[in-house]
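Notes to accompany the following structure.
Protein chains in written order, with the working numbering: chain B, -3 to 319; chain Z, 143 to 648; chain L, 86 to 246.
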């Protein structure tokens, strides 16, 4: 039995090598590409990746098979991308939580272990309060917070998770002290704000937008570089004198060592995709801000995110509890 | 909101494709819900990509059919082989499986179908009439109220444990302990993960559930070494008699109300709803002393509740854009991909679409009733297959199903370990339901307890100063000491009224 | 029964002690209520479980000298019976399944699993060999249809299907 197992094990190990050996490469891509999404079906990344993947299918003429590999808040899937064969036929998606994972999880993916392909969207964080609250402007909110340090309750999406990072950065740059209340996700955090159980949140635009439009929530500022087209009256933090841009991004990555030519082919195709008005309007409708950056520009975005986290952890001593 | 627009949605009734989509959805949902290892959430997630190209109304008729069918289908395997197809069918197996062992599987499925249909129908009505109202009440629920609701669920563990209460409680705590595995939701500290990335999100409760129910049950049948005896199933009484339905109507109605309300509270969901419905039946039902031995009351209560929770869970999703449970979260993703983001804006501006959703739900309830009653004979005949063929088939479905949940072999390992532990616990007369319930409710309880104290600044009085929270805590006390109180009441009236009771009863 | 109860009580007591010890190593969050530290809740659970297992041990021991509740059926140990052996074989097959799945592919592994187990469970299987084979193929085909074709579950690629 043992011997048999051993033989099988060796065979299984040898098989992929053999399979790769015999393949004579034609023009890329010549067979189906697997897209690994480390988050669940219907989640933020999933919703935006699927239409892009089916656009790429038409453009590049092969199937883009989307697989959701969930677990560990994206850690499992992201590590799976890192460990996939770098033949260009497995790619994955990434977001800021791939970068922040190392502060919260004992096993974590490293964004430097993958090749960046391109960024497709950005999701600006915002400063949102309940419409019944007394604060009409950002100044009023900050004045209140300074007069009553630690009394404002800010709903985030879990310690170390994205909305917590925005909240910590927002607190640091405005110099206010808040009580951070962790919720299981964006939806739960927004629910708490709707119910008046917390005072404000920095949860990004897509999850608060429709409540702002329907008048139950009030958005005091948005943390993007420019005002959002749907909310022209809401000022940016920059305009208010706080030089900071906060938000998440989503983009495509490939396992380390994937051929640069193949990455360029994918990057160019994604660039064309993001110019399609149909895709753009879909993304806008779903609450995202389409923003294409190629592999080089994307690297700068990721580096920014890393620097922001480093600053939070090292300079401000924001604690991510760890071993 | 204009009534005309509401009526506009009715025009979808004229579209035969909608009927077909709904019928197919229910049928596929029932089959997948009944297969151990395929949860309702997964079924929906798997089928959503098929609907991308379709008209949103048609695709939602199909998806809501899947949703209704899968939640109902979970009860079929709970009754036939003591493996709840979905967590919300755990309470169903408590009386459903004993009924099956008595040869009354068909009757149990029949009752389950009728109760589910009533629960589903009731919740759709509530969704149509009072959705925004209920959603606004649910918004008032903060962490303190969630603590109360989960405590009600946990206290019911003590009520439903057959046999030794101490063993039931140990099982419940074992479940709570299993629920702490993974990243601590408040501080992000990893607890008991043994360096495994798969454990960061905690142990998935589905493979554990399939293990302690399915595998353990198969193990004990195998170790008894008797593969010939087959319980012969009576098939005559599949469609419940009017008398039974009339008798069960109060139970079904109460459970539907419970299911709709609990379903509407985000994150509570069908498993708590069916548990609470069963628990109240055990406490206050007319035939509570027989509950757990295999009576149809014990099937009707949880089944009405879990299907009522489907409509309930759609309330916060449709009105606020907040998914009530994992299944509606996936459904919501499906809507967003169609370019329709559910929430207050959609609810106000897309009335025809909203009413088409109500219609789809009603259709799926009707199809569920038809398919369920027509299929009950076939389903209960499945169990009469000889066991030396049936057991391997069930085992392999459990194996592959638990792999398919997260496409992970790790879960297969969890399944096997859970199966062995569950088998050993059965040997020492532990019931497994408390373990799973503890595992599902534990994380909700802990996070909300700690969140409440963060919100209140460490002040414990917050649990009694908030009216809803206080009310829930009173319910918990009533559930726990209820029987004592009832006994007191009984004793006082025994002297004069007992005789009448006996004459009037049965 | 009593012996089993005693064993279960001891196992759970040990489990509770280990749990408590493990939870004590978790970091304590400074400031705020102790409830906010990650170790608080597991410790409470450990104490509850320890208390309950002591309680169950106590009641078991109290009954220890009274008469055995189901007197001496003179049971053979489980693992010497045919059922016990089949049980062990089933567990072995279950543990082997993930490996065969990886090496041979999902359908082949499923077929082998079902075939071997039916053969083991069927007394006098020689007369049922055709039925066994065809039923194994039938179940495998259903599984393949459901999981591979309809659900498109990405199974590890094995040597066969």
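The C-beta atom is built at its ideal place from N, Cα and C for all residues, glycine as well. Since we're looking at a predicted model, the values are computed, not measured.
Nearest to residue i (by Cα), restricted to the options the options
i: residue 59/B; options: 153/B, 49/B, 128/B; result: 49/B
i: residue 157/B; options: 62/B, 281/B, 98/B; result: 98/B
i: residue 190/Z; options: 55/B, 64/B, 27/B; result: 64/B
i: residue 135/L; options: 618/Z, 560/Z, 506/Z, 311/Z; result: 311/Z
i: residue 106/B; options: 26/B, 251/B, 131/B, 258/B; result: 251/B
i: residue 296/Z; options: 283/Z, 284/Z, 315/Z; result: 315/Z
i: residue 148/L; options: 217/L, 229/L, 231/L, 87/L; result: 87/L
i: residue 478/Z; options: 220/B, 214/B, 294/B, 202/B; result: 202/B
i: residue 169/L; options: 363/Z, 172/Z, 348/Z; result: 363/Z
i: residue 179/L; options: 473/Z, 407/Z, 481/Z, 551/Z; result: 551/Z
i: residue 51/B; options: 295/B, 284/B, 193/B, 275/B; result: 275/B
i: residue 199/B; options: 129/B, 242/B, 168/B, 192/B; result: 242/B
i: residue 115/B; options: 310/B, 264/B, 79/B, 304/B; result: 264/B
Residue i: first and last residue of the uninterrupted alpha helix (DSSP H) it sits in
i: residue 650/Z; result: In this structure chain Z extends from 143 to 648, so residue 650/Z is not present and cannot be described.
i: residue 547/Z; result: 529 to 548
i: residue 33/B; result: Not the alpha helix (DSSP H): residue 33/B falls in the beta strand (DSSP E), residues 29 to 33.
i: residue 60/B; result: Unbroken run through residue 60/B is the beta strand (DSSP E), 60 to 64; no alpha helix (DSSP H).
i: residue 303/Z; result: Looking at the DSSP string, residue 303/Z is not in any alpha helix (DSSP H), and its letter there is neither H nor E.
i: residue 263/B; result: 256 to 269
i: residue 501/Z; result: 493 to 524
i: residue 45/B; result: 40 to 56
i: residue 141/L; result: 125 to 148
i: residue 77/B; result: 71 to 78
i: residue 276/B; result: 273 to 281
i: residue 555/Z; result: 551 to 569
i: residue 651/Z; result: Chain Z is shown only over 143 to 648; residue 651/Z falls outside these bounds and no answer can be derived.
i: residue 239/Z; result: 232 to 243
Limits of the unbroken beta strand (DSSP E) element including residue i
i: residue 215/B; result: 213 to 218
i: residue 245/B; result: 243 to 251
i: residue 90/Z; result: There is no way to answer for residue 90/Z, as the model of chain Z reaches only from 143 to 648.
i: residue 213/L; result: That residue, residue 213/L, is in no beta strand (DSSP E); it is neither H nor E in DSSP.
i: residue 333/B; result: Absent from the structure is residue 333/B, since the part of chain B shown begins at -3 and ends at 319.
i: residue 176/B; result: 175 to 178
Cβ neighbour criterion (16 or more within 10 Å) applied to residue i
i: residue 252/Z; result: buried
i: residue 588/Z; result: buried
i: residue 271/B; result: exposed
i: residue 307/B; result: exposed
i: residue 95/B; result: buried
i: residue 413/Z; result: buried
i: residue 607/Z; result: exposed
i: residue 238/L; result: buried
i: residue 599/Z; result: exposed
i: residue 501/Z; result: buried
i: residue 431/Z; result: exposed
i: residue 529/Z; result: buried
i: residue 207/B; result: buried
i: residue 114/L; result: buried
i: residue 108/B; result: exposed
i: residue 18/B; result: Confidence at residue 18/B is low in this model, with a pLDDT of 43, below 50, so the placement of that residue should be treated as unreliable; the coordinate-derived value is given next. Exposed.
i: residue 157/L; result: Note on residue 157/L: pLDDT 48, under 50, position unreliable in the model; the coordinate value appears next. Under this definition residue 157/L is an exposed residue.
i: residue 332/Z; result: buried
Cβ-heavy atom distance, residue i to the ligand NAD, below 7 Å
i: residue 349/Z; result: This structure simply doesn't include the ligand NAD, nor any ligand for that matter.
Ordered list of alpha helix (DSSP H) runs contained in the segment 86 to 165 of chain B, each at least 4 residues: 92 to 100, 134 to 143
Near-chain Z residues of the segment 31 to 51 of chain B - C-beta to any C-beta below 8 Å: 36, 37, 38, 39, 42, 43, 46, 47, 50
Any beta strand (DSSP E) of 3 or more consecutive residues that is wholly inside the segment 93 to 118 of chain L: none
Ranges of the alpha helix (DSSP H) found wholly within the segment 309 to 393 of chain Z, counting only runs of at least 4: 347 to 351, 358 to 366
Residues within the segment 125 to 157 of chain B neighbouring chain Z, beta-carbon criterion of under 7 Å: 149, 154, 155, 156
Near-chain B residues of the segment 273 to 293 of chain Z - C-beta to any C-beta below 8 Å: 281, 282, 283, 284, 285
Positions along the segment 599 to 611 of chain Z whose CB lies within less than 9 Å of some CB in chain B: 599
Selection of the segment 302 to 335 of chain Z by Cβ proximity to chain L, strictly under 8 Å: 306, 308, 309, 311, 312, 315, 316, 318, 319, 322, 326, 328, 329, 331, 333, 334
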